[in-house]
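Undergrad: The structure is given below, and queries will be raised subsequently.
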Amino acid sequence: MLNGFPYLISEDGDQLTPLMLITEYPDETLTGEPFVQAHTAQMETVVAAYHAFQTLSLNR
């Protein structure tokens, strides 16, 4: 758990991309403040993944 959200990190050499982020949140069923909170959680996840990706040393 991280910030109240479950997560799984694993390496999969069969993927075509060096990093894959999959998130799920029931935002299509939410309205009002719960929707804003869900959107913010998703946004912060993507931004954190971007920053983590910037620190990786990839073979190019």
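If you're matching positions, the sequence shown starts at 29 in the working numbering and goes up one per residue.
For every residue, glycine included, the Cβ atom is placed at its ideal position computed from N, Cα and C.
1) Suppose contacts are defined by Cβ-Cβ distances below 8 Å. Is Ala66 in contact with Tyr53 by that definition?
2) Does the separation of the CB atoms of Val74 and Leu49 fall below 8 Å?
3) Less than 8 Å between the C-beta atoms of Leu36 and Phe81, yes or no?
4) Who does Leu30 pair with in a DSSP beta bridge?
5) Kindly list the residues whose CB is nearer than 7 Å to the CB of Met71, restricted to its own chain and excluding five residues on each side of it in sequence; keep chain order.
TA: Short version:
1) yes
2) yes
3) no
4) Phe33
5) none
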